[in-house]
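Student:
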Amino acid sequence: LQLFVLSPQEVTASSRHYVDRLFDLDPQKVLQGVIDMKNAVIGNNKQKANLIVLGAVPRLLYLLQQETSSTELRTECAVVLGSLAMGTENNVKSLLDCHIIPALLQGLLSPDLKFIEACLRCLRTIFISPVTPEDLLYTDATVISHLMALLSRSQYTQEYICQIFSHCCKGPDHQTILFNHGAVQNIAHLLVSTSYKVRMQALKCFSVLAFENPQVSMTLVNVSVDGELLPQIFVKMLQRDKPIEMQLTSAKCLTSMCRAGAIRTDDPCIVLKTLPCLVRMCSKDRLLEERVEGAETLAYLIETDVELQRMASISDHLIVMLADYFKYPSSVSAITDIKRLDHDLKHAHELRQAAFKLYASLGANDEDIRKKIIETENMMDRIVNGLSESSIKVRLAAVRCLHSLSRSVQQLRTSFQDHAVWKPLMKVLQNAPNEILVVASSTLCNLLLEFSPSKEPILESGAIELLCSLTQSENLALRVNGIWALMNMAFQAEQKIKSDILRGLSTEQLFQLLSDSDVNVLMKTLGLLRNLLSTRPHIDHIMSTHGKQIMQAVTLILEGEHNIEVKEQTLCILANIADGTTAKELIMTNDDILQKIKYYMSHSNAKLQLAAMFCISNLIWNEEEGSQERQDKLRDMGIVDILHKLSQSSDPNLCDK
1 LQLFVLSPQE VTASSRHYVD RLFDLDPQKV LQGVIDMKNA VIGNNKQKAN LIVLGAVPRL
61 LYLLQQETSS TELRTECAVV LGSLAMGTEN NVKSLLDCHI IPALLQGLLS PDLKFIEACL
121 RCLRTIFISP VTPEDLLYTD ATVISHLMAL LSRSQYTQEY ICQIFSHCCK GPDHQTILFN
181 HGAVQNIAHL LVSTSYKVRM QALKCFSVLA FENPQVSMTL VNVSVDGELL PQIFVKMLQR
241 DKPIEMQLTS AKCLTSMCRA GAIRTDDPCI VLKTLPCLVR MCSKDRLLEE RVEGAETLAY
301 LIETDVELQR MASISDHLIV MLADYFKYPS SVSAITDIKR LDHDLKHAHE LRQAAFKLYA
361 SLGANDEDIR KKIIETENMM DRIVNGLSES SIKVRLAAVR CLHSLSRSVQ QLRTSFQDHA
421 VWKPLMKVLQ NAPNEILVVA SSTLCNLLLE FSPSKEPILE SGAIELLCSL TQSENLALRV
481 NGIWALMNMA FQAEQKIKSD ILRGLSTEQL FQLLSDSDVN VLMKTLGLLR NLLSTRPHID
541 HIMSTHGKQI MQAVTLILEG EHNIEVKEQT LCILANIADG TTAKELIMTN DDILQKIKYY
601 MSHSNAKLQL AAMFCISNLI WNEEEGSQER QDKLRDMGIV DILHKLSQSS DPNLCDK
């Protein structure tokens, strides 16, 4: 047996011969040339690349669009183009550059079914490539309606169109377009098709249409096919005897419907079917991508429901099973397959990300579950390692997991301290992208609570500067977290820390935050002020340096259009100032503020009346110097009359005070 190895020149020459035949004047020879080309490119990426370089694509597209071309020729051209698209991503780019999509969409208007199917198959191949922009499907509004109409033509049109839809449906805008064009009604009956491929592609369509979409989910619940409701059809597709991809995809549909509120979290189809199915997918016998998808879908299903979290945590030793995600990237059955092993090692980071996500959901609410997670072998080390991984998705998932566990007082005092978690966390907070910053700064808020032993070292590592810079962020969540963390830091802190915070924030920034349009930022800033102004020496010290500005801020808020909680918090700050030794003079010499306190004593809201009375009681203690003068001044203002009136109040708290 002799093997001939062709030189690059000979390869190009043979490829050129194929292209030249496309220009023959005899249509029969052109057709034969296209058929020979089809046979030459199947499975041959080198040949595909050569033909593209030699300009075969524009000629094939020209023949495909020519009215004078026979239907057979046009169909064969679509088949060859589809084969070229099956090659590398660069091939697809070249096809897109030649405007293949409009040409193929135009082809769908032909009456010939075989030609339509060939165009759809080629479109499907192009649209599932990551280099193709999904929006190309939506540029002409008539395309979607036409595709919906073609769904009834054959099983091939059904399979390809559903596949195109599920790949091109990215985000709520696309979902709405497809939904408004009747996707649910047109695709539902395909779930009971005799073809497995059609059933599967229809199911995938529903899983992307329903994802995070209440409108679609609420509609799906009430749709029935052959007298059976869709949720029941999905449950049948979950059964163990069905192919794994079908089980997983139907579990995703039911998960989306549950999260959208279309199915209750205690519905048997969730508790007894969907949840156990997803737990099964996490087993180390499953392939890597099945374990990843299973864990991520389960994390999403249980994320906000404590009962589902408890059920999942005791299903099939899930917490221990997830520890294998860090150890065995390949399933037992795949270890004999070298190619598979290589693939799994390259994608092992996806497993780690999925495990962190699921641990975060499992530990979101229940203290016992958090304890079990942290006691899983090397868990804290794994999280710490995850925080410095190169993959941004793993880092984000590790921070989420840490955030979930940081809600536990017990763990903050023990495991978090033993592993100095704050160190890698502070590192993550330096120049991370916003989505990581938001979760990392939330975690930092928890590590700065007064009972957390990490508070001191975090302060020493430059946290104040970092948090003050977060309060200037354009991103609302970052502003809230920055100010929240400072508020936690200032609680029962020593005077030096409080002064550092005020210096780091600057008066301008403080006013900026107090006039923020978001009430959450405003409340946390007031909380910070209240924490700064606690214990007498601190109150007097801060008011001696920042008194004028703080009194201005208080006036500003009491005069503004704010809700009861904001005003109450502001009056509590005044009450703290009134508790200072020298600071109370800033209130007594400010008639405007005194009138405001008087006004709120007679307010219709009891919370505000109580807060205003706290201010008064802190100003009039008999044993404090100057109390007599202060009492006289308040008496002259008519405060005693208001107190007489309030002592008759039906509210026992007001009455006592």
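Residues 1 to 657, numbered by UniProt numbering, are exactly what the sequence shown covers, in order. C-beta atoms are modelled at their ideal positions from N, C-alpha and C, and glycine is treated no differently.
#1: Would you identify the three-state DSSP class for S166, choosing helix, strand or coil?
#2: From the DSSP output, which residues share a beta bridge with S224?
#3: If you run the structure through DSSP and keep just helix, strand and coil, what is H603?
#4: Within the same chain, show all residues whose beta-carbon is closer than 6 Å to that of I557, passing over the 5 residues directly before and after it, in chain order.
#5: Name the residue from S154, V192, Q628 and I126 whose alpha carbon lies nearest to the alpha carbon of F165.
#6: Who are the near neighbours of R479 in its chain, counting only those whose CB is closer than 6 Å to its CB and skipping five residues on each side?
#7: For a test of the three-state rule: what should DSSP assign to D500, helix, strand or coil?
#8: If I follow the unbroken alpha helix (DSSP H) through K242, where does it start and stop?
#9: If we ignore side chains and look at the alpha-carbon of each, how far apart do D135 and L230 end up?
#10: Quick check on K657: does DSSP put it in helix, strand or coil?
#11: I'd like to check one pair, D112 with T71: are the Cβ atoms closer than 8 Å?
#12: Do G43 and V19 have their CB atoms nearer than 8 Å?
#13: I'd like the span of the alpha helix (DSSP H) that includes Q549, first residue to last.
#14: Is the segment 391-406 touching the segment 358-369, taking contact as three or more C-beta pairs under 8 Å?
#15: Of the choices S15, V34, D636 and Q106, whose alpha-carbon is the least far from that of Q595?
#16: Have a look at A202 and N531 and give me their C-alpha separation to the nearest angstrom.
#17: Evaluate K427 with the Cβ neighbour count: other Cβ atoms within 10 Å of its Cβ, from every protein chain shown; 16 or more gives buried, anything less gives exposed.
#18: Just the C-alpha distance for V5 and H349, rounded to the nearest angstrom, thanks.
#19: Using only CA atoms, which one of S217, M281 and R264 lies nearest to L238?
#20: Out of G504, T443 and L476, state which residue places its alpha-carbon closest to the alpha-carbon of S469.
#21: For R121, which residues in the same chain have their Cβ closer than 7 Å to its Cβ, ignoring the five residues on either side in sequence?
#22: Starting from residue 663 and walking both ways along the alpha helix (DSSP H), at which residues does that stretch end?
#23: Who are the Cβ neighbours of R16 in its own chain at under 7 Å, not counting the five residues just before and after it?
#24: Considering only C-alpha positions, which residue in the set E561, F326, Q430 and R340 is nearest to T376?
#25: Within a Cβ cutoff of 6 Å, which residues of the same chain sit near I233, ignoring the five residues on either side of it in sequence?
#26: Using the Cα positions of K607 and P537, report the straight-line distance between them to the nearest angstrom.
#27: Give a yes or no on whether the C-beta atoms belonging to G560 and L586 are separated by under 8 Å.
#28: My parser needs the alpha helix (DSSP H) runs of 4 or more residues fully inside the segment 72-123; what are they?
#29: Contact between the segment 174-187 and the segment 199-217: three or more CB pairs below 8 Å?
#30: Are the Cβ atoms of A210 and S256 separated by less than 8 Å?
#31: Could you check what DSSP says for R310 in three-state terms: helix, strand or coil?
#32: Looking at N475 and L448, is the spacing between their C-beta atoms short of 8 Å?
#33: For the putative contact between T297 and K252, defined by C-beta atoms under 8 Å, what is the C-beta separation to the nearest angstrom?
#34: CA-CA distance, R407 and L467?
#35: Return helix, strand or coil for I597, following the three-state DSSP convention.
Tutor: Here's the rundown:
#1: helix
#2: L229
#3: coil
#4: T570
#5: I126
#6: T471, S473 and V521
#7: helix
#8: Note, K242: premise wrong, no alpha helix (DSSP H); not H, not E.
#9: 29 Å
#10: coil
#11: yes
#12: no
#13: R536 to E559
#14: yes
#15: D636
#16: 57 Å
#17: exposed
#18: Reliability fails at V5, whose pLDDT of 41 lies under 50, so the model's placement of it is uncertain and the value that follows must be treated cautiously. Between V5 and H349, the C-alpha separation is close to 41 Å.
#19: M281
#20: G504
#21: G82 and Y160
#22: Not covered by the structure: residue 663. The range shown for the chain is 1 to 657.
#23: L54
#24: F326
#25: L191
#26: 28 Å
#27: no
#28: 89-97 and 100-107
#29: yes
#30: yes
#31: helix
#32: no
#33: 5 Å
#34: 20 Å
#35: helix
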